[in-house]
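**Student:** All the letters of the sequence shown, read from the start, carry residue numbers 1 to 480 under UniProt numbering.
For glycine and all other residues, C-beta sits at the position ideal for the given N, C-alpha and C.
Note that the coordinates shown come from a computational prediction; the quantities given were computed from them, not determined experimentally.
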Amino acid sequence: MFTSRSLTFLLITFFALGLLTGTSSRQLFSFGGSGTKFKCRDNIICFGGAEASPLEYLALSTSKSDQEYGKALWYKPILLVDTATNSFSSFSTNFSFTIEPGDGGPSDGMTFVILSKPDVPGDWGSKFGLFNNEGGATSHGTLAIEFDTFYNPENGDEDSNHVALDLNTVFSVVARNASEVGIQLSGANKVDRDHFLLVYEFLPNGSLDKALFHPAPGCVLSWKQRFQIILGAAEALYYLHEGWRQQIIHRDFKSSNIMLDGNFNAMLGDFGLARMVEHHENPATTVVAGTYGYIAPEAHTLRKFTEKTDVYAFGAVALEVVCGRAVLNFQVPEDERTLVDWVWKKLEEDDLMSVVDLRLEAQYDVAQVQVLLLVGLLCSHPNPDERLSMRQVLKILSGDVAVPPVPLSKPALEYHISGRHFLMKALNSIISRDTKSETDAGPSSGSSYEQTRAQSDPSVNFSPLSGDVERARKRLNDTR
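1. How would you write the range of the alpha helix (DSSP H) that Cys-46 sits in, first residue to last?
2. Using 8 Å as the threshold, is the C-beta distance between Lys-311 and Met-390 below it?
3. Comparing the CB of Val-371 with every heavy atom of the ligand NAP, is any distance shorter than 7 Å?
4. So, does the region 245–252 touch the region 389–409, judging by three or more C-beta pairs under 8 Å?
5. Could you check which residue in Phe-88, Asn-263, Thr-306, Asp-351 has the C-alpha nearest to that of Glu-242?
6. Is Phe-264 helix, strand or coil when you go by DSSP?
7. On the CB-based measure, 16 or more other CB atoms within 10 Å of its CB, does Lys-224 come out buried or exposed?
8. Thinking C-beta only, is Val-406 closer than 8 Å to Leu-372?
9. Check for me: the beta strand (DSSP E) holding Ile-229 runs from which residue to which?
10. Contact defined as beta carbons within less than 8 Å: I believe His-381 pairs with Pro-411. What is the distance between those atoms, to the nearest angstrom?
11. Would you grab the beta carbon distance between Leu-221 and Pro-215 for me? Rounded to a whole angstrom, and I think it's under 8 Å.
12. So what's Pro-217 in DSSP terms, helix, strand or just coil?
13. Under a three-way DSSP split, which group does Gly-129 fall into?
14. Is the Cβ-Cβ distance between Ala-236 and Leu-268 less than 8 Å?
15. Where DSSP assigns a beta bridge to Trp-342, which residues make up the other side?
16. Quick one: what does DSSP say Ala-72 is sitting in, helix, strand or coil?
17. Decide if Asp-385 is buried, meaning its Cβ has at least 16 other Cβ atoms within 10 Å, or exposed.
18. For the alpha helix (DSSP H) containing Met-390, name the first residue and the last one.
19. With Ala-211 and Ala-233 assumed to form a contact (beta carbons below 8 Å), what rounded beta-carbon distance in angstroms separates them?
20. Between the Cα of Ala-313 and those of Ile-44, Arg-325, Gly-376, spot the shortest distance and give me the residue it belongs to.
21. How far does the alpha helix (DSSP H) with Thr-309 in it extend, from its first residue to its last?
22. Measuring only the C-alpha atoms, how far is Ala-299 from Ala-50?
23. Mind reading off the beta-carbon distance from Leu-347 to Leu-408? Whole number of angstroms is fine, and I expect it under 8 Å.
24. Are the Cβ atoms of Val-322 and Asp-357 separated by less than 8 Å?
25. Could you spell out where the alpha helix (DSSP H) holding Leu-79 opens and where it closes?
26. Given Trp-344, which residues of its chain have a CB within under 6 Å of its CB, disregarding the five upstream and five downstream residues?
27. Report all residues from its chain with a CB closer than 8 Å to the CB of Arg-359; omit the five preceding and five following residues, and keep chain order.
28. Where does Asn-86 land, buried or exposed, given buried means 16+ other C-beta within 10 angstroms?
29. Nearest to Gly-262 by CA position, among Leu-240, Leu-203, Gln-363, Lys-76, is which residue?
30. I'd like the list of long-range same chain contacts for Glu-320, defined as Cβ closer than 7 Å, with 5 residues on each side in sequence excluded.
31. Taking Ile-78 as the reference, give the member of Leu-115, Asp-335, Tyr-239 with the closest Cα.
32. Run through the DSSP bridge pairs and tell me what Ala-52 is partnered with.
33. For Thr-301, name the three-state secondary structure that DSSP assigns.
34. For Gly-293, count neighbouring Cβ atoms within 10 angstroms of its own Cβ and tell me buried if that reaches 16, exposed if not.
35. Rounded to the nearest angstrom, what separates Val-355 and Gln-247 at their Cα positions?
36. Exposed or buried, which one is Pro-297 when buried takes at least 16 other CB atoms within 10 Å?
Next up, the structure:
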């Protein structure tokens, strides 16, 4: 048991905090029933500010000072599994406790931990009792149930009452769900009120963007390595979208957040902007977040992030992998600065294969390159409804299904606002048809809003609007 700060008492009625180890010759542990009590002074070791009282109460923190932590360990081994008979122990607990919140500063909490061995790996003096290294290693055999008063809005906690289940790790929920495809979190510690220090596993080959755009001499990624990486990244994003009971929207999928282990397997990292939502739930409106070049064009207007905005970012990364160029590059001619637009342009010119990274020296599987280019374009389709799902992406890259038809030129930006359908090409068509006399006098400067948007994000396909924009919009509405 652990707590931080403030005065906390625990009435022990039926409670076991102990070890999973034991020998099959021992009797299985079982207790319960009215009136059962532990002898705190005989069987519990206290650390830090914890204190066991003669009345069978346990004070885990006895002062109001900041940063005080108390720990209490039930040190007698308990046999939970008899491997000889395949029998399991059973026990029940019933306890009451109080947490008196302090004035400001870090929040308070308490954690119950079951350990597989007395020598806890790493720092078992860390906050809420969770050790700070090798998180997730199944050999630890650690189970923790934590109660705290941290404000956790990302987990649906609006009133600072947080309960979490941690298995062999320091984090629960998002970190645990993503661990199968993401970078393993090794440790966490709150430095101050607003900052956490996170320690991740070491991945020797660094990030994908560095491997692609700034490789060491003689270490250009081969096509085999690139395809393996993008396939692994697709699997990671598919898992976030569909692999768990809640959907995780990454919101910042990009090549610098794809890390490479010693065998160039892709591991997805940086879940700082990630959000969990229920499947098929309408996403909440939020501020635009992420990295320019990877942000889907509709996100600027709708301010909503869905699996389709993640898919758009995946498409941009897929094109980076083939082209060996960053999604935004201001060192090239203006019409090539935005990678997604440039590849669409080359497709329209029937010159798609010219975008392939010259450093590959034609040492690649032509069919795979063509497939990945088309997948990248379909994922970065301006219309979110026309983008692939990550399930479809995996089937295509695995060779199970063919690539769907791809438009021969970049389609217009299309999106929905409050149930009303906007298509920018239709709007421009009406303007050019009904304001001919105005355009004959000379080109209009267009809407400052559309111009500003097009300059800030070249992937947004806004054309300058001529004539009376408001009147044209009204005409468009009247035609529906």
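**Tutor:** So, from the listed chains and residues:
1. Against the sequence shown, residue 46 aligns to sequence position 46. Where Cys-46 is concerned, there is no enclosing alpha helix (DSSP H), although the beta strand (DSSP E) around it starts and stops at 44–48.
2. The residue you call residue 311 lines up with position 311 of the sequence shown. The residue you call residue 390 lines up with position 390 of the sequence shown. Sequence check: residue 311 is Val here, not Lys. One thing to note: Val-311 has its Cβ within 8 Å of the Cβ of Met-390.
3. Judged by which ligands are present, the structure shown has none, so any question about the ligand NAP falls away.
4. Segments in contact, no.
5. Here residue 242 is taken as the residue at index 242 of the sequence shown, counted from 1. Each of Phe-88, Asn-263, Thr-306, Asp-351 was checked against the Cα of Glu-242, and the nearest Cα belongs to Thr-306.
6. In the sequence shown, the residue the question calls residue 264 occupies position 264. Look at Phe-264 here: in three-state DSSP terms it is coil, with no helix or strand label.
7. Taking the first residue of the sequence shown as 1, we reach residue 224 at position 224. Burial is judged here by how many other beta carbons sit within 10 angstroms of a residue's own beta carbon; Lys-224 has fewer than 16 and is exposed.
8. Looking up residue 372 in the sequence shown gives position 372. Looking up residue 406 in the sequence shown gives position 406. No, the pair does not count as a contact, with Cβ atoms beyond the cut-off.
9. Within the sequence shown, numbered from 1, the residue matching residue 229 stands at position 229. Going by DSSP, Ile-229 is part of no beta strand (DSSP E) but of the alpha helix (DSSP H) stretching over 223–242.
10. To locate residue 381, count along the sequence shown from 1; it is residue 381. To locate residue 411, count along the sequence shown from 1; it is residue 411. Rounded to whole angstroms, the Cβ separation of His-381 and Pro-411 is 7 Å, and the two are in contact under 8 Å.
11. One-based indexing of the sequence shown puts residue 221 at position 221. One-based indexing of the sequence shown puts residue 215 at position 215. Contact flag correct, Cβ pair sits at about 7 Å.
12. Taking the sequence shown and counting its residues from 1, the one referred to as residue 217 is at position 217. Here Pro-217 sits in coil by DSSP.
13. As a working note, residue 129 is residue 129 in the sequence shown. In this predicted model, Gly-129 has a pLDDT of only 41, less than 50, meaning its place in the structure is not dependable; the value taken from the coordinates is given anyway. Helix, per DSSP.
14. Here residue 236 corresponds to residue number 236 of the sequence shown, with the count starting at 1. Here residue 268 corresponds to residue number 268 of the sequence shown, with the count starting at 1. Going by C-beta atoms, Ala-236 is nearer than 8 Å to Leu-268.
15. Position 342 of the sequence shown, counting from 1, holds the residue named residue 342. Answer is none; Trp-342 lacks a bridge partner.
16. Taking the sequence shown and counting its residues from 1, one reaches residue 72 at position 72. Strand at Ala-72.
17. Numbered from 1 along the sequence shown, position 385 holds the residue referred to as residue 385. Exposed: under 16 other Cβ atoms inside 10 Å.
18. Numbered from 1 along the sequence shown, position 390 holds the residue referred to as residue 390. Membership of Met-390 in the alpha helix (DSSP H) is indicated by the continuous run 390–397.
19. Residue numbering aside, residue 211 sits at position 211 when the sequence shown is read from its first letter. Residue numbering aside, residue 233 sits at position 233 when the sequence shown is read from its first letter. 13 Å between Cβ atoms; not a contact.
20. Taking the first residue of the sequence shown as 1, we reach residue 313 at position 313. Of Ile-44, Arg-325, Gly-376, the residue nearest in Cα terms is Gly-376.
21. Walking along the sequence shown from the start, residue 309 turns up at place 309. Residues 307–323.
22. The residue you call residue 299 lines up with position 299 of the sequence shown. The residue you call residue 50 lines up with position 50 of the sequence shown. If I take the Cα positions, the gap works out to 51 Å.
23. Taking the first residue of the sequence shown as 1, we reach residue 347 at position 347. Taking the first residue of the sequence shown as 1, we reach residue 408 at position 408. By a beta-carbon distance limit of 8 Å, Leu-347 contacts Leu-408. Their separation comes to about 7 Å.
24. Position 322 of the sequence shown, counted from the first residue, corresponds to residue 322. Position 357 of the sequence shown, counted from the first residue, corresponds to residue 357. Result yes, Cβ atoms of Val-322 and Asp-357 sit closer than 8 Å.
25. Numbered from its first residue, the sequence shown carries residue 79 at position 79. No alpha helix (DSSP H) contains Leu-79, which DSSP labels as neither H nor E.
26. Mapped onto the sequence shown, residue 344 falls at position 344. Excluding positions up to five away in sequence, the list reads Lys-410.
27. Taking the sequence shown and counting its residues from 1, one reaches residue 359 at position 359. Hits under 8 Å: Val-220, Gly-324.
28. For the purposes of this step, residue 86 is taken as the residue at position 86 of the sequence shown. With fewer than 16 other beta carbons inside 10 angstroms of its own, Asn-86 counts as exposed.
29. Stepping through the sequence shown from its first residue, residue 262 is reached at position 262. In this structure, Leu-203 is the residue among Leu-240, Leu-203, Gln-363, Lys-76 with its C-alpha nearest to the C-alpha of Gly-262.
30. Within the sequence shown, numbered from 1, the residue matching residue 320 stands at position 320. So the list reads Leu-212, Ser-255, Ala-326, Val-327, Leu-339, once near-sequence residues are dropped.
31. The residue given as residue 78 occupies position 78 in the sequence shown. It is Leu-115.
32. Within the sequence shown, numbered from 1, the residue matching residue 52 stands at position 52. Per the DSSP secondary-structure output, Ala-52 pairs in a beta bridge with Leu-58.
33. By 1-based counting over the sequence shown, the position of residue 301 is 301. Thr-301 carries a helical assignment under DSSP once its states are collapsed to helix, strand and coil.
34. Here residue 293 refers to the residue found at position 293 when the sequence shown is read from its first residue. By the neighbour-count rule (16 or more Cβ atoms within 10 Å), Gly-293 is buried.
35. As a working mapping, residue 355 is identified with position 355 in the sequence shown. As a working mapping, residue 247 is identified with position 247 in the sequence shown. Looking at the two C-alpha atoms, the distance is approximately 34 Å.
36. The residue labelled residue 297 in the question sits at position 297 within the sequence shown. The residue in question, Pro-297, is buried, as its Cβ has 16 or more Cβ neighbours within 10 Å.
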